[in-house]
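Contents: one structure, followed by commentary.
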Ligand SMILES: Nc1ncnc2c1ncn2[C@@H]1O[C@H](COP(=O)(O)OP(=O)(O)O)[C@@H](O)[C@H]1O
Ligand SMILES: [Mg+2]
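Numbering (the working numbering), first residue to last: 25 to 279.
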């Protein structure tokens with residue numbers, strides 16, 4: 025069984041940080057093989073995981089579009105795209121990494137995106153776990169290049185704006201009829217109490233809170249120093265918070 029976890033939220037809310045820590049935590053819990061998907065065009069998940077820049081699916085798609093004849097004779101376009109995706113998967117630090125990149129150039133991508141989605145679904149099925157770091161607009165989920173997911177984590181700050189964004193993401197999920205098994209809220213960089221008004225605003229999103237990641241000075245300094253979050257000490261508050269969330273998901277038999 026594959027469990028696909030998509031991380032969604034407003035820009036700057038902590039999606040990439042959470043996605044990186046989820047990868048680390050899942051591998052440590054033995055959820056392997058694991059695939060990390062950077063679905064944010066302003067990609068930085070590889071950076072947070074200490075993985076060098078890599079060829080993206082967007083680049084591959086563009087190369088294929090500008091040179092359709094590059095598909096070898098006797099190979100279907102489907103098979104060829106699947107092979108090209110495999111070539112774009114980097115292996116590093118105990119898991120695999122795929123970067124979606126940008127949708128470049130004008131014109132219609134429907135056909136190629138459909139093929140891509142089918143190939144991505146097939147490939148993700150070969151993994152035990154998939155973590156998808158989404159862009160703020162849920163674009164990849166809506167174009168469905170990443171297909172259905174079992175778990176969606178909505179990351180936000182414990183602010184009124186955070187609660188509104190969470191509500192909007194839930195709306196968008198329903199409006200786009202995204203195939204999401206279960207959606208949870210994750211409050212990031214939060215240490216204190218919500219207070220009645222905020223608690224109420226978050227309750228109105230209808231989302232269950234999976235956990236809280238405190239503001240962790242080590243996360244901030246690793247970011248400034250450009251160090252991989254995989255190198256954070258095991259007792260860092262953020263690492264432990266994500267472990268607790270995974271424990272809860274595990275107890276609920278969701279991972
Ligand atoms: N729990 C945390 N503690 C300290 N800093 C954090 C935490 N979560 C995120 N940050 C910092 O906040 C900034 C935005 O986080 P990031 O994960 O890149 O957000 P997003 O991917 O949603 O845009 C980064 O500089 C990151 O290091
Ligand atoms: Mg990000």
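Beta carbons: idealized from backbone N, C-alpha and C, even for Gly.
Grab the span of the beta strand (DSSP E) containing residue i for me, first residue to last.
i, result
"residue 212", "204-212"
"residue 69", "It is not in any beta strand (DSSP E) - residue 69 instead sits in the alpha helix (DSSP H) that spans 69-72."
"residue 64", "Segment: none, residue 64 is in no beta strand (DSSP E) and carries neither H nor E."
Residue i to residue j, Cα distance in whole Å?
i, j, result
"residue 222", "residue 107", "48 angstroms"
"residue 185", "residue 98", "54 angstroms"
"residue 243", "residue 114", "24 angstroms"
"residue 66", "residue 127", "11 angstroms"
"residue 276", "residue 189", "26 angstroms"
"residue 264", "residue 199", "35 angstroms"
"residue 255", "residue 105", "34 angstroms"
"residue 173", "residue 47", "16 angstroms"
"residue 195", "residue 96", "44 angstroms"
"residue 134", "residue 121", "24 angstroms"
"residue 156", "residue 219", "31 angstroms"
"residue 72", "residue 31", "15 angstroms"
"residue 154", "residue 125", "17 angstroms"
"residue 86", "residue 100", "18 angstroms"
"residue 24", "residue 37", "The chain is shown from 25 up to 279; residue 24 falls before or after that span and cannot be answered."
"residue 150", "residue 202", "22 angstroms"
"residue 24", "residue 252", "With the chain represented from 25 up to 279, any question about residue 24 goes unanswered, as that position is not in the structure."
"residue 143", "residue 109", "8 angstroms"
"residue 29", "residue 233", "15 angstroms"
"residue 270", "residue 52", "10 angstroms"
"residue 259", "residue 206", "28 angstroms"
"residue 273", "residue 182", "22 angstroms"
"residue 111", "residue 103", "13 angstroms"
Hey, quick one: how far does the alpha helix (DSSP H) through residue i stretch, first residue to last?
i, result
"residue 268", "261-275"
"residue 88", "81-90"
Going by the beta-carbon positions, is the gap between residue i and residue j smaller than 8 angstroms?
i, j, result
"residue 45", "residue 119", "no"
"residue 152", "residue 57", "yes"
"residue 214", "residue 177", "no"
"residue 89", "residue 147", "no"
"residue 175", "residue 278", "yes"
"residue 54", "residue 160", "no"
Contact defined as beta carbons within less than 8 angstroms: I believe residue i pairs with residue j. What is the distance between those atoms, to the nearest angstrom?
i, j, result
"residue 212", "residue 42", "7 angstroms"
"residue 117", "residue 82", "No, residue 117 and residue 82 are not in contact; Cβ-Cβ is about 23 angstroms, not under 8 angstroms."
"residue 210", "residue 235", "6 angstroms"
"residue 158", "residue 39", "7 angstroms"
In chain order, what are the residue ranges of uninterrupted beta strand (DSSP E) at least 3 long that sit wholly in the stretch 104-190? 114-116, 119-123, 153-158 and 173-181, all fully within the stretch 104-190.
Considering only residues of the stretch 30-56, which uninterrupted alpha helix (DSSP H) runs meet the minimum length of 4 residues and lie entirely inside it, listed in chain order? Listed in chain order, the complete alpha helix (DSSP H) runs (minimum 4 residues) inside the stretch 30-56 are 39-52.
Residue ranges of each alpha helix (DSSP H) within the stretch 210-253, 4 or longer: Qualifying alpha helix (DSSP H) stretches, in chain order: 220-227 and 241-249.
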